[in-house]
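Chemist:
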Amino acid sequence: DGGITQSPKYLFRKEGQNVTLSCEQNLNHDAMYWYRQDPGQGLRLIYYSQIVNDFQKGDIAEGYSVSREKKESFPLTVTSAQKNPTAFYLCASSSGQGGNQPQHFGDGTRLSIL
Amino acid sequence: DAKTTQPTSMDCAEGRAANLPCNHSTISGNEYVYWYRQIHSQGPQYIIHGLKNNETNEMASLIITEDRKSSTLILPHATLRDTAVYYCIVRVAAGGYQKVTFGTGTKLQVIP
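Pasting the structure below:
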């Protein structure tokens, strides 16, 4: 079935360590997004990519980095510069950018600090 | 994007229709109404969206009032697996990328 796969489901980071969250989609979507969700809060956009080899910062990009070398993949790296990385990270994709194109989400990666 | 208002929580008996209301009185003519739901510890699931006309798919029906100031999501035969937080949002039809922003949503509890 077509969908978005995020891995791992749970991830633990040590202080000063970079970690990379995987996001793969087989929906042939051009646009991909990374969000962060904190307990009891809504979604906050970290980065988005409209096309391969192009990506833009969202509202809270500091301490994060991304790449978009392939259409189906949009990995997120949480760097040691991100001082409060504990959160639920969600990857999404859509076939286009307009309001008539729903974003579809993966099942998330929960990141915790050791 | 226009603001939406939803009840904090609702209960529904299993097998009955669940009707979830959403108020979006400041919606613009080029804004779509979207519904998502999120089951605890899972990613949000897209349900349905519409502009003016009522919409139906395999999951639910969306009824939008003629003045577009409110809408209702209908789950025709609620099951225990429909217990989740349901989010109603509005999104502009055009203008480049748009992030998805959830409010507090409605926590639907389906009761056996």
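Protein chains in written order, with the working numbering: chain A, 20 to 133; chain B, -16 to 95. We put the CB at the ideal spot given by N, CA and C, even for glycine. This one's a predicted model, so the numbers in the text were calculated from it and none came from an experiment.
1. Pick out whichever of 122/A, 56/A, 44/A has its Cα sitting closest to the Cα of residue 79/A.
2. If you measure from the beta carbon of residue 69/B to each beta carbon in chain C, is any gap under 7 Å?
3. Roughly how many angstroms lie between the CA atoms of residue 100/A and residue 73/B, to the nearest whole one?
4. Determine whether the beta carbon atoms of residue 123/A and residue 29/B lie at a separation below 7 Å.
5. Do residue -6/B and residue 81/B count as a contact pair if the criterion is CB distance below 7 Å?
6. Taking the C-alpha atoms as reference points, what is the distance between residue -12/B and residue 34/B?
7. Would you say residue 66/B lies against chain A (beta-carbon separation less than 7 Å)?
8. Three or more beta-carbon pairs under 8 Å between the stretch 50 to 69 of chain A and the stretch 81 to 93 of chain A, yes or no?
9. Would residue 73/A pass as an interface residue toward chain B - the criterion being a Cβ-Cβ separation below 7 Å?
10. When burial is assigned at 16 or more other CB atoms within 10 Å of the CB, is residue 43/B buried or exposed?
11. Could you check whether the Cβ of residue 61/A sits closer than 7 Å to any Cβ belonging to chain B?
12. Relative to the C-alpha of residue 89/B, which residue among 60/B, 83/B, 65/B, 95/B is closest?
13. As an exercise, report each continuous beta strand (DSSP E) stretch of at least 3 residues that is fully enclosed by the stretch 63 to 132 of chain A, in chain order.
14. How many Å lie between residue -3/B and residue 48/A at the Cα?
15. Taking all protein chains shown into account, decide if residue 56/B is buried (16 or more other Cβ within 10 angstroms of its Cβ) or exposed.
16. What would DSSP say about residue 64/B, mapped onto helix, strand or coil?
17. Work out the CA separation of residue 35/A and residue 9/B for me, nearest whole Å.
18. Within 10 Å of its beta-carbon, does residue 24/B have 16 or more other beta-carbons around it, so buried, or fewer, so exposed?
19. Does the beta carbon of residue 26/B sit closer than 7 Å to a beta carbon anywhere in chain A?
Modeler: In brief:
1. Locating residue 79/A in the first sequence gives position 60, counting from the first residue. Here the closest residue by C-alpha is 56/A.
2. Of the chains in the structure shown, none is chain C; the protein chains are A and B.
3. As a position in the first sequence, residue 100/A is number 81, starting the count at 1. As a position in the second sequence, residue 73/B is number 90, starting the count at 1. Cα-Cα distance, rounded: 34 Å.
4. Residue 123/A sits at position 104 when you count from the first residue of the first sequence. Residue 29/B sits at position 46 when you count from the first residue of the second sequence. With contacts defined by Cβ atoms closer than 7 Å, residue 123/A and residue 29/B form a contacting pair.
5. For the purposes of this step, residue 81/B is taken as residue 98 along the second sequence, with counting starting at 1. For the purposes of this step, residue -6/B is taken as residue 11 along the second sequence, with counting starting at 1. Cβ distance not < 7 Å, so residue 81/B and residue -6/B don't count as in contact.
6. Position 5 of the second sequence, counting from 1, holds the residue named residue -12/B. Position 51 of the second sequence, counting from 1, holds the residue named residue 34/B. Cα to Cα, residue -12/B sits roughly 18 Å from residue 34/B.
7. Numbered from 1 along the second sequence, position 83 holds the residue referred to as residue 66/B. False, the Cβ-Cβ gap to chain A never drops below 7 Å.
8. Yes, since at least three Cβ pairs between the stretch 50 to 69 of chain A and the stretch 81 to 93 of chain A fall closer than 8 Å, the two stretches touch.
9. Along the first sequence, read from residue 1 onward, the residue named residue 73/A stands at position 54. Residue-level contact check: residue 73/A does not touch chain B, since none of the beta carbons of chain B fall below 7 Å from its beta carbon.
10. The residue labelled residue 43/B in the question sits at position 60 within the second sequence. Label assigned to residue 43/B: buried.
11. Translated into positions along the first sequence, residue 61/A becomes position 42. For residue 61/A, the answer is yes, since a Cβ of chain B falls inside 7 Å of its Cβ.
12. The residue you call residue 89/B lines up with position 106 of the second sequence. Measuring from the Cα of residue 89/B, the nearest candidate turns out to be 65/B.
13. Taking 3 residues as the shortest admissible run, the stretch 63 to 132 of chain A contains the following complete beta strand (DSSP E) segments, listed from N- to C-terminal end: 73 to 76, 83 to 85, 95 to 97, 106 to 113, 128 to 132.
14. Translated into positions along the second sequence, residue -3/B becomes position 14. Translated into positions along the first sequence, residue 48/A becomes position 29. Taking the straight line from one Cα to the other gives about 36 Å.
15. For this step, residue 56/B is matched to residue 73 along the second sequence. Residue burial annotation: residue 56/B is buried, with at least 16 other C-beta atoms found within 10 angstroms of its C-beta.
16. For the purposes of this step, residue 64/B is taken as the residue at position 81 of the second sequence. Helix.
17. Translated into positions along the second sequence, residue 9/B becomes position 26. Translated into positions along the first sequence, residue 35/A becomes position 16. Distance between the alpha carbons of residue 9/B and residue 35/A: 46 Å.
18. Position 41 of the second sequence holds residue 24/B. With a threshold of 16 other beta carbon atoms within 10 Å, residue 24/B falls short and is exposed.
19. Residue numbering aside, residue 26/B sits at position 43 when the second sequence is read from its first letter. Chain A places a beta carbon closer than 7 Å to that of residue 26/B, counting this residue as a contact.
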